[in-house]
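Per the numbering used here, the sequence shown runs over residues 393 to 1009. For every residue, glycine included, the Cβ atom is placed at its ideal position computed from N, Cα and C. Just so you know, these numbers come straight off a predicted model, no measurement behind them. Inspection log for the structure reproduced underneath, given as C-alpha cells.
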Amino acid sequence: LRTAAAAATLGAALSPQAAEPPGVVRDPHYGDTLFTFFQGKYFSAITGLMTSQHFDRVRQHADEAEILRGGLLLSYGLHREAGEIFAQLIEKNASPAVRDRAWFYLAKIRYQRGLYVEAEQAVTKIEGNLPPELEEERGLLHSNLLLAREDYAAAVTLLQALKPGPKSSLYIRYNLGVALVKSGDTEAGNKWLEEVGTSKPLADEEARTLRDRANVALGFAAMAENRPEDARNALQRVRLEGINSNKALLGFGWAAAALKDAKLALVPWTELAAREAAGAPVVEARRGVPYAYAELGPYRQSLDRYNEAIETFEREDRNLDESIAAIRSGKLVAGLIERNPGEEMGWFWNIEELPEMPHASHLTQVLAQHEFQEAFKNWRDLQFLAGNLQGWADNLGVYGDMLDNRRKAYADRLPKVLGQAGTVDLAAAEKRRAEVADAIARAEADADISTFPDARQQDLLARIDSVEAALKPLAGNADFAQARERLRLAKGALTWDFAQHFSDRLWQAKKDLRTIDGNLAEARRHEAALAAAQQEEPARFERFAQRIAALDGQIRALVPRVAALSQEQQEQVQAIAVAELTRQKERLAIYATQARFAVAQLYDRAKKSEDHASRPR
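Right under this line is the structure:
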C-alpha cells in the first residue's frame, strides 16, 4: 500500500503545472526525460535530464526539471543534495506552485524513509498552493507524522479540519479513530473506526484492507477492555483471505475463549493452525487448539494435540534453521533478484515473486518488513551500479579501439591530402586573379567594348585584322576600293556587336571574379584548416586518450568500492532476515515450553483423577 501510494504521489508531484494545458512540453529534451521517467527507467531519466541541463536544453522547464531531479535524487536516498535543490528553488523565488510541490515531495519521501522529524519540517513549509489531489495527500501525510510522534491531540484537530475527498475519506476516518483512541477518547475513536469497519464492501483492494485493519483494531481494543462480545463482532467482519486474516482469526478465537465458548474458539484456531504461513498468529493457534480441547474436557485429544504441536514446533525450529542457513549462503538475495529482474535501479521497484527456498512460508514476515525491503532495494541498486560500471568499463575499451582506429586513419590519409593540396599553386592563382581584376577594371574605366569577345567574335576580329593587313599595301589601288568598303562595314558591324553585349559581359566577368574570390577563399581556409589539423588533431587525440584513461581510473577505483558496499549491504539484508527468523525461533521455543508445561498439567490432572478413582468409598 505504501509503495503504491508513493508511486502515485511521485507521478502527481512531477506532472506539469495545473495552469498549463495537459501534455504541453515546450522543450523536446524534457519530454524525452518524462517519457523515460514514466516508463520506470529512473536512472536513465536522471542521467539524461542532468545531461540536458548541462547543455541548457530544458530552459523552458527549468524549475520543473529541478523538481524532477531533486525527487529522483531523493528516491536514491540523497536527501542533502535534493534539499539543496529545493532550497535553491525557493531562494530564486520559484512560483508558489513549484515551491509547494517541492516541499510536498520532500516531505513525502522523507516519510517513506522514516525521517519523520525532517518530513514534518518540510510539510509545514507548504503554503496552500497544491492541486486538490495533492492537498488531500498532504493532510493525510501531516496527520501520519503527528501520529508518529504521538501528538494525538494535534492529529485529531488536523483531521477534523480536513475536507474529505473521494480518495481520502476512508483514511481520514481511520486516522481520526486511531488518534482519538490514542488520545484517550476511546468511545469517540471507536465510533470512527466502526464507521470504517462497517463501510460497504469496496472494489478497491487498498480500501478493503483498510476496512479489515479497522476491524482488527476494534477487536483487539475491545479484548483489552474485556469486551469479548464486541471483539468477536468486529473480528468476524474481517475477510478470511487477506493480510489481516491471520490476526483476526487468532483474536476471534481468544474472544470466544473469553466467552467460555471453547467449541467456538476451535473453529478459527483450527482453520488458522492448518495454514502454511509462518508467523506468530499461526504458531499461537497451534497452541490454542489443544488448549480449547482441554477446556472442553477430552484430555486425551488435548494431549494428542499438544504433542502434535510440540512436534510441529520442533520441526518448524529445524526448518527455520534450514532457512537461516540458506539465507546466510546468499540464496535469498540471489533468488529475489533472479525472480524479480528489473531494467534499472529505482525506489518504486517491488518484490513480486518469491524465490525458491527450503521453506518459502518463512519469508512472509521477512518480506513484510519495510526495513528489509529498503535494505534489499539498496543492495539491488548497488548491483545495478556494479553492472553499469562494468558496462562503462567495456565501453571505454571500445572507445579506446575507436581512438586507435582514428589515429591510424589520420596517419594514413594525411600524406595523400597533403599531396593533393600541393598540386594547387595558390600564389600563382592569386596573381592570375589580380591580373584579371585589373583587366576588368581597365575595361570598365576605358569603356573598352572589345575586352570581352566570345569565340565567334574573336574569330571574326582575327579575320578582319588579316584582311586589313592584306589591303594596307594596296591602299592607292582603285580596284580594291570595294573590298576596303566591305571591310569598313564588317568592322562597324563587329564594333556594334561588341557595344551591344559589353554591359552584360562586364557584369558576368565581375560575377566570375567573385566566384574566383570565393574559391580562392575556400582554398585558403582549407589550407589553414589542414595546417591547423596537423597541429590540433594529434593534441585532440591525446586529450581523448587522457579522458579515457582518467575515466578508466575512476571506474577501476569505483568497482571495488561498489563491490565492497554490495557485500556489506547483502550481509545487512541477510542479517535483517536472520534476525526475524531468529525471533520466530524464540517464539517457537516459548510456545514449545508452554505446550510441554500444559502436557505436564494434563498428566497431573490425569494422575489426580486416577488417584481419586482408586480411593475406597
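task = Would you mind sorting Q552 into buried or exposed? The rule is 16 or more other CB atoms within 10 Å of its CB.
result = Counting from one through the sequence shown, the residue named residue 552 turns up at place 160. By the neighbour-count rule (16 or more Cβ atoms within 10 Å), Q552 is not buried but exposed.
ask   = Under 8 Å between the Cβ atoms of D563 and L532?
value = The residue you call residue 563 lines up with position 171 of the sequence shown. The residue you call residue 532 lines up with position 140 of the sequence shown. Here residue 563 turns out to be Tyr, not Asp, going by the sequence shown. Note that the C-beta distance between Y563 and L532 is below 8 Å.
message = On the DSSP letters alone, give me the boundaries of the alpha helix (DSSP H) that I453 sits inside.
response = If you number the sequence shown from 1, residue 453 lands on position 61. Note that residue 453 is His in the sequence shown, not Ile. H453 -> no alpha helix (DSSP H), and no H or E assigned at all.
key: Three-state secondary structure assigned by DSSP to M749   = On the sequence shown, position 357 is the one that residue 749 refers to. It is coil, neither helix nor strand.
Length of the line joining the Cα atoms of V446 and R600 = Taking the first residue of the sequence shown as position 1, residue 446 is located at position 54. Taking the first residue of the sequence shown as position 1, residue 600 is located at position 208. Inspection of the sequence shows that residue 446 is occupied by His rather than by Val. Straight-line Cα distance between these residues: approximately 47 Å.
ask   = What are the boundary residues of the alpha helix (DSSP H) that Q431 is part of?
value = One-based indexing of the sequence shown puts residue 431 at position 39. Counted as a single uninterrupted DSSP element, the stretch harbouring Q431 is not any alpha helix (DSSP H), since DSSP gives it neither H nor E.
inquiry  = Let me confirm a value: G884 is counted as buried when at least 16 other C-beta atoms fall within 10 Å, else exposed. Which label applies?
reply    = One-based indexing of the sequence shown puts residue 884 at position 492. Label assigned to G884: exposed.
ask   = For K902, does the three-state DSSP call read helix, strand or coil?
value = As a working mapping, residue 902 is identified with position 510 in the sequence shown. Note: K902 maps to helix in three-state DSSP.
Residue interval of the alpha helix (DSSP H) (run including K1014) = Residue 1014 falls outside the range modelled here, since the chain spans only 393 to 1009, and no answer is possible.
request  = Quick one: measure Cβ to Cβ for V675 and K639, integer angstroms, because I've assumed they're closer than 8 Å.
outcome  = Numbered from 1 along the sequence shown, position 283 holds the residue referred to as residue 675. Numbered from 1 along the sequence shown, position 247 holds the residue referred to as residue 639. Between K639 and V675 the Cβ distance is about 13 Å, and since that is not below 8 Å, they are no contact.
message = Tell me the DSSP secondary structure of L507 in three-state form.
response = Residue numbering aside, residue 507 sits at position 115 when the sequence shown is read from its first letter. Correct three-state label for L507: coil.
ask   = Hey, how far is the Cα of L568 from the Cα of Y497?
value = Residue numbering aside, residue 568 sits at position 176 when the sequence shown is read from its first letter. Residue numbering aside, residue 497 sits at position 105 when the sequence shown is read from its first letter. The alpha-carbon atoms of L568 and Y497 are separated by roughly 24 Å.
task = Find out if the Cβ-Cβ distance for the pair A677, L664 is shorter than 8 Å.
result = For the purposes of this step, residue 677 is taken as residue 285 along the sequence shown, with counting starting at 1. For the purposes of this step, residue 664 is taken as residue 272 along the sequence shown, with counting starting at 1. Contact flag set, yes.
ask   = Are I940 and Y791 touching if we call contact CB-CB under 8 Å?
value = Counting from 1 along the sequence shown, the entry for residue 940 is found at position 548. Counting from 1 along the sequence shown, the entry for residue 791 is found at position 399. Yes, Cβ-Cβ distance for I940 and Y791 is below 8 Å.
query = Do you know offhand how far E542's Cα is from R624's?
reply = Here residue 542 refers to the residue found at position 150 when the sequence shown is read from its first residue. Here residue 624 refers to the residue found at position 232 when the sequence shown is read from its first residue. Roughly 29 Å separates the two Cα atoms.
request  = My understanding is that L460 touches E473, with C-beta atoms under 8 Å, so please give their C-beta distance in whole angstroms.
outcome  = What you label residue 460 is simply residue 68 of the sequence shown in a count that begins at 1. What you label residue 473 is simply residue 81 of the sequence shown in a count that begins at 1. The C-beta separation of L460 from E473 comes to about 14 Å, leaving the pair out of contact by the 8 Å criterion.
task = Answer yes or no: do L658 and V991 have a C-beta to C-beta separation smaller than 8 Å?
result = Within the sequence shown, the letter at position 266 stands for residue 658. Within the sequence shown, the letter at position 599 stands for residue 991. No, these two residues do not count as a Cβ contact at 8 Å.
task = Return the CA-CA distance between K999 and Q993, expressed in angstroms with no decimal places.
result = For the purposes of this step, residue 999 is identified with residue 607 of the sequence shown, where counting begins at 1. For the purposes of this step, residue 993 is identified with residue 601 of the sequence shown, where counting begins at 1. K999 and Q993 have their C-alpha atoms spaced approximately 10 Å apart.
message = Among M442, L724, D773 and Q926, whose alpha-carbon lies nearest the alpha-carbon of A753?
response = Against the sequence shown, residue 753 aligns to sequence position 361. Rather than Ala, the amino acid found at residue 753 in this sequence is Ser. Among M442, L724, D773 and Q926, the Cα nearest to that of S753 is on L724.
Whole-number beta carbon distance between Q966 and I719, since they are thought to touch under 8 Å = Your numbering for residue 719 matches position 327 in the sequence shown. Your numbering for residue 966 matches position 574 in the sequence shown. Taking the Cβ atoms as the reference, I719 lies roughly 5 Å from Q966, within the contact range of under 8 Å.
task = Can you give me the start and stop residues for the alpha helix (DSSP H) that V471 sits inside?
result = Here the question's residue 471 lines up with position 79 in the sequence shown. Rather than Val, the amino acid found at residue 471 in this sequence is His. Segment H471 to E483, the alpha helix (DSSP H) holding H471.
message = Can you tell me whether K808 is helix, strand or coil according to DSSP?
response = Here residue 808 refers to the residue found at position 416 of the sequence shown. In the structure shown, the three-state DSSP call for K808 is helix.
ask   = Looking only at C-alpha atoms, which of D709, R710, R505 and Q927 sits nearest to K762?
value = On the sequence shown, residue 762 is found 370 positions in, with the first residue counted as 1. Reading the sequence as shown, one finds His at residue 762 and not Lys. Of the listed residues, the one whose Cα sits closest to H762 is R505.
key: Residue of L879, G440, A457 and F890 minimising C-alpha distance to P845   = In the sequence shown, the residue the question calls residue 845 occupies position 453. If we check each option's Cα against that of P845, F890 comes out closest.
request  = Any chance you could list the alpha helix (DSSP H) runs of at least 4 consecutive residues sitting entirely within the region 861–918, in chain order?
outcome  = Qualifying alpha helix (DSSP H) stretches: none in this window.
key: Entirely enclosed beta strand (DSSP E) segments - the region 701–732, minimum 3 residues   = Taken in chain order, the whole beta strand (DSSP E) runs of length 3 or more contained in the region 701–732 number zero.
request  = Confirm, please, whether the CB-CB distance from I856 to A881 is below 8 Å.
outcome  = Here residue 881 refers to the residue found at position 489 when the sequence shown is read from its first residue. Here residue 856 refers to the residue found at position 464 when the sequence shown is read from its first residue. In the sequence as presented, Ala is not what sits at residue 881; that position holds Leu. At the C-beta level, L881 and I856 stay beyond 8 Å of one another.
inquiry  = Which of the three DSSP states is assigned to K999 in this structure?
reply    = As a working mapping, residue 999 is identified with position 607 in the sequence shown. The three-state secondary structure of K999, taken from DSSP, is helix.
query = Do you know how far the Cα of Q927 is from the Cα of F936?
reply = Mapped onto the sequence shown, residue 936 falls at position 544. Mapped onto the sequence shown, residue 927 falls at position 535. Annotation: F936 to Q927 spans about 15 Å, alpha carbon to alpha carbon.
message = Taking its Cβ as the centre, do 16 or more other Cβ atoms sit within 10 Å of T985, making it buried, or is it exposed?
response = Translated into the one-based positions of the sequence shown, residue 985 becomes position 593. Looking at its Cβ environment, which holds fewer than 16 other Cβ atoms inside 10 Å, T985 is exposed.
task = Measure the beta-carbon distance from A701 to A654 and round it to whole angstroms, keeping in mind my assumption that it falls under 8 Å.
result = The residue given as residue 701 occupies position 309 in the sequence shown. The residue given as residue 654 occupies position 262 in the sequence shown. Not quite, the Cβ-Cβ distance comes to about 16 Å (not below 8 Å), so this is no contact.
ask   = Roughly how many angstroms lie between the CA atoms of L728 and A981, to the nearest whole one?
value = Taking the sequence shown and counting its residues from 1, the one referred to as residue 728 is at position 336. Taking the sequence shown and counting its residues from 1, the one referred to as residue 981 is at position 589. For L728 and A981, the gap between their C-alpha atoms comes out near 29 Å.
L522, DSSP secondary structure in three states = Mapped onto the sequence shown, residue 522 falls at position 130. Taken through DSSP and simplified to helix, strand or coil, L522 comes out as coil.
key: Proximity winner among D492, P673 and A835, relative to G643 (alpha-carbon distances)   = As a working note, residue 643 is residue 251 in the sequence shown. Looking at D492, P673 and A835, the one whose alpha-carbon comes closest to that of G643 is P673.
ask   = Just the Cα atoms here: how many angstroms apart are S715 and R707?
value = Translated into the one-based positions of the sequence shown, residue 715 becomes position 323. Translated into the one-based positions of the sequence shown, residue 707 becomes position 315. Each residue's CA atom was taken as its position, placing S715 and R707 some 12 Å apart.
ask   = Excluding five sequence neighbours on each side, which residues of the same chain lie with their C-beta closer than 6 Å to the C-beta of S436?
value = For the purposes of this step, residue 436 is identified with residue 44 of the sequence shown, where counting begins at 1. So the qualifying residues of the chain are T428.
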